[in-house]
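The next block holds one structure in the form of C-alpha cells; read it before the comments.
Residue numbers (our numbering), protein chains in the order written: chain A, 1 to 115; chain B, 1 to 300; chain C, 1 to 246; chain D, 1 to 106.
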C-alpha cells in the first residue's frame, strides 16, 4: 500500500512492503466481487441465448462462452479504470474468478432455442 | 464512523441548509446515518418540517423516525416542552411501543427526575431483560448523576453479557481516561482494536494513552501505533504525525543516548516532521514558524 | 449414426416449457416462503452470552497481530484457561446436540420449517417429472456427449441406437435445476444463489450446538501464532510518508 | 441505475425478437427441407445489437466498485460518530438561554 496515496494514483505497489497484514476493507472487497459475479452471470445467460439462436453446436458454443467471458473480463477491467489495485487484492479476482460459474446457466439457455 | 467524503458531504449540506438552500430532510437523514450530534440544527430544521403539514405528510412512515430524532435533539437543547409534544404524538401513534417508553425515560432524565426514570427503565426491563439500549441508558443516567464509579460498575456488568458491543467498550475507555485510570483504558482500547482492526482512530487513542503512561516500553509501543495510524490514514492525520515526533524525542530522553531503537525505522520522525511542515505550509502557513521551533526543541 | 430425429414441437410446448416455468415459480415461491418463515426466537441469556463470547474470541483470533504480544497472551489465558476460562466447557455440562434439540421445542419447530421449505418442493417436482414425463425423448442438447452419459441422460429410453444428445425429461430437470441458479441469484439477490443441493449438504449438522463451537473456538485460539504486525507498520508508514513528502 | 436497466431490458427484448424470428425462419426451412446453416443477416445484426446493449447493462446495473484501501478518500475515517446511546442531558447547554420560539405547532 506504500504507493497508494489515494485511489487515483495508479503507480505499482512495491512488492516487499505488500501488506502481508491485510488492512483491506473486507466489505468493499465483497461488494466488488458481488458486482463481478452479477455481471458474469448475466452475460453468461445472454451468451447462452445468443449461441442458441445462432444455432451453434458442439465446441463452437463453448468457444463462444469463453469469448463472452473474456469480453466480460475486459469490460470489468475497463470499469475498474485500470487502477485494479485499489479495488481488488489480486488480478485473477476479476479475470478468472467465476469463469466457469456461469457455465450451467449458459448451457441451459443454449438448449432453449434448440427445442 | 465518519469518512472523509461523508464529512465533506455533511458540511456541504449543512451550509446549503443554513443559507436556506433547502434539502433539510437529506441533511437530517445524513445526521441520523452518521450518528453525529447536531442537536440545535436537527431541532431547528426538524421542527420546520414537522410544523409544515405538507412536508410532514410527504415523509410518510419516515415521519415517526423524525419525531424521535427531534425529541432527542430537543432534550439535548433543554427544550423539554417540544420533546414532550413529540413524545405525545409518538404515543398516540404507537401506544405500547418500548421505543417510546425509552424516550419517556430519557425525558425524565433530561428533567433530572432520576427516581422516576429509574422506575420507567426497570419496568421496561421486566418484559425484555436483554434490551441493550435500556442498560446503556442506566449507565448514562449514573454518569449524568456524577456517580462515575456506579457507571463503571454497571458498564462492566453490561459488558459481561454483551462482550462484543464495541460502543460500550469505547464508553468504558473514555470514562477510564477521564479518571486517568490509563491501565484499564489501554485494555479497553485493545478490545476496540481487536473488534475493528482497520479503524485508525482506535490505534491513535491507544497510542495517546500509552504515551501518557510513559516508560520506555510503552513509548516504543505508542510510536508503533502512531505509525500504524499514519499508514491507515495515508499520512493525513496530523495528530499521528505529531505523536511520532513526540514519541521519538521522549524515547531519546528516556533512553539517554543508548537508543538501539533507531535501527528499525530511522527516518520515520524526520519524514513525519517534513510531512507536518508540508501540511502546515498548505493549510496554516502563518503557524509554520511555531511548528518549526517546536520541532527544533524536540531535536528532530 | 442415428439420423436427425424430428421432435414434435408439442413436446416443447407442453413438457419442457411448463417444467421450466414451474421450477422458476417454485424458486420464487421458496424465496418468499423462507422469508415469511424466518421465525424470530426470543433469545435467552445463556445463548446470547455464548454468542457474544464466540464473537469476541473470533475477533481475538482474527486481529491477534494488531495487539502487543503481552496483552494477547494474557487474553488467551483469560479465554481458555482450564478452571474458569470463558471458552472452557466442563465435560459434564456438554450436552449433545440431539438432547438439546428435543428439549427445546421451538428449535425443533424451526428445523422442521427449514426442511419444509427446501426438501419438499424438490422431491415433489422430481416425482412429478419422473411420473409424467418419462419414457420418451424430450429434448436435443446442442453438444455431443460420450456414451457414458447415456445411462444418466436417457433413462427411461431403452434404445441404444439413439444419439446421446437426445435426452429424456429427467436430464432436462437437472439442467434446469443447475441452470436456474444463476437466474435466481440475479432476480432474488445474492444470498440464495445457493441452490438446494448445497443447502442440503450444509444442513447436515443438527441445530446450533454452542458447546461444540465453544471448544472449537478454544482449539482455534490455542494454535494462533502471535506475530506482532506493528513493526511492519513502521516501515509502511515510512513508505507512505516518503511518497507524501516527495 | 434506471438507464442501465432500460438498456438491459431493451437488449433482452432484441434477443427475444431475434429468437422468435429465428424459430419462424427454421419453421420455414423445415417446410422447404433445407439445411439450417444460420439465421438471416438482419437477425444476426439484431443479435449483435442486443448483445452490446446487454454488455453495457451488465457493466453498469450491478453498481460500481468501492475502494478497498482504508486510506482512500471514501474510506478514510476522520472522526468517530458520537456515542449516542450513552448521551447525557445535564451538560453546560443547560445554562445557555434556549431559543424560546421553538414549538411543535399541532
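For every residue, glycine included, the Cβ atom is placed at its ideal position computed from N, Cα and C.
Top-ranked residue by Cα proximity to residue i, from the options
| i | options | result |
| --- | --- | --- |
| residue 69 of chain D | A:65, A:83, A:61, A:56 | A:83 |
| residue 111 of chain A | C:140, C:88, C:51, C:28 | C:140 |
| residue 11 of chain D | D:51, D:4, D:30, D:90 | D:51 |
| residue 39 of chain B | B:77, B:56, B:22, B:51 | B:77 |
| residue 221 of chain B | B:236, B:235, B:205 | B:205 |
| residue 93 of chain A | A:109, A:78, A:73 | A:73 |
| residue 251 of chain B | B:82, B:25, B:223 | B:223 |
| residue 34 of chain C | C:75, C:135, C:121, C:143 | C:121 |
| residue 70 of chain B | B:57, B:60, B:59, B:50 | B:50 |
| residue 243 of chain B | B:225, B:288, B:284 | B:225 |
Chain B within 8 Å of residue i, Cβ atoms only
| i | result |
| --- | --- |
| residue 77 of chain D | yes |
| residue 235 of chain C | yes |
| residue 88 of chain D | yes |
| residue 71 of chain C | yes |
| residue 50 of chain C | no |
| residue 83 of chain D | yes |
| residue 30 of chain A | no |
| residue 104 of chain D | yes |
Burial state of residue i (16 or more Cβ within 10 Å)
| i | result |
| --- | --- |
| residue 211 of chain B | buried |
| residue 137 of chain C | buried |
| residue 229 of chain C | buried |
| residue 222 of chain C | exposed |
| residue 99 of chain B | exposed |
| residue 233 of chain B | buried |
| residue 96 of chain D | exposed |
| residue 200 of chain B | buried |
| residue 112 of chain C | exposed |
| residue 274 of chain B | buried |
Minimum Cβ-Cβ distance from residue i to chain D less than 8 Å
| i | result |
| --- | --- |
| residue 108 of chain A | no |
| residue 101 of chain B | no |
| residue 65 of chain B | no |
| residue 14 of chain B | no |
| residue 35 of chain A | yes |
| residue 97 of chain A | no |
| residue 136 of chain B | yes |
| residue 16 of chain A | Note that residue 16 of chain A has pLDDT 38, beneath the 50 cutoff, so the model's placement of it is unreliable and no number is given. |
Contact with chain G by residue i, beta-carbon distance below 8 Å
| i | result |
| --- | --- |
| residue 56 of chain D | Among the protein chains in the structure shown, which are A, B, C and D, there is no chain G. |
Closer than 8 Å to chain C by CB, residue i
| i | result |
| --- | --- |
| residue 234 of chain B | yes |
| residue 27 of chain A | no |
| residue 102 of chain A | yes |
| residue 65 of chain A | no |
| residue 57 of chain A | yes |
Neighbourhood of residue i by C-beta distance below 7 Å, restricted to the same chain and skipping five residues each side
| i | result |
| --- | --- |
| residue 104 of chain A | none |
| residue 47 of chain A | 64, 65, 68, 106 |
| residue 86 of chain D | none |
| residue 120 of chain B | 101, 104, 105, 108 |
| residue 193 of chain B | 202, 203, 206 |
Chain-ordered chain B contacts of residue i [CB-CB under 9 Å]
| i | result |
| --- | --- |
| residue 28 of chain D | Near residue 28 of chain D there are no residues of chain B at all, since even the closest Cβ is about 56 Å away, more than 9 Å. |
| residue 70 of chain D | 198, 199, 200, 231, 232, 233, 234 |
Cβ neighbours of residue i in the same chain (closer than 8 Å, five flanking residues each side left out)
| i | result |
| --- | --- |
| residue 2 of chain B | 10, 34, 36 |
| residue 321 of chain B | This structure gives no information on residue 321 of chain B, because the portion of chain B shown stretches from 1 to 300. |
| residue 30 of chain B | 6, 9, 10, 13 |
Residue-level contact to chain A via CB, residue i, 8 Å cutoff
| i | result |
| --- | --- |
| residue 292 of chain B | no |
| residue 198 of chain B | yes |
| residue 12 of chain C | yes |
| residue 130 of chain C | no |
| residue 59 of chain C | no |
| residue 13 of chain D | no |
Partner residues on chain A for residue i, Cβ-Cβ distance less than 7 Å
| i | result |
| --- | --- |
| residue 183 of chain C | 45, 105 |
| residue 19 of chain C | Simply none; closest approach about 11 Å. |
Residues near residue i in its chain [Cβ-Cβ closer than 6 Å; skip 5 each side]
| i | result |
| --- | --- |
| residue 37 of chain A | 98 |
| residue 94 of chain D | none |
| residue 213 of chain B | 182 |
| residue 19 of chain C | none |
| residue 21 of chain D | 43 |
Partners in chain C for residue i, counting only beta-carbon separations shorter than 7 Å
| i | result |
| --- | --- |
| residue 190 of chain B | 67, 71 |
| residue 21 of chain A | 65, 229, 232 |
Neighbour list for residue i in chain C, Cβ cutoff strictly below 9 Å
| i | result |
| --- | --- |
| residue 161 of chain B | 45, 48, 49, 52 |
Chain A residues whose Cβ lies nearer than 9 Å to that of residue i
| i | result |
| --- | --- |
| residue 216 of chain C | Simply none; closest approach about 22 Å. |
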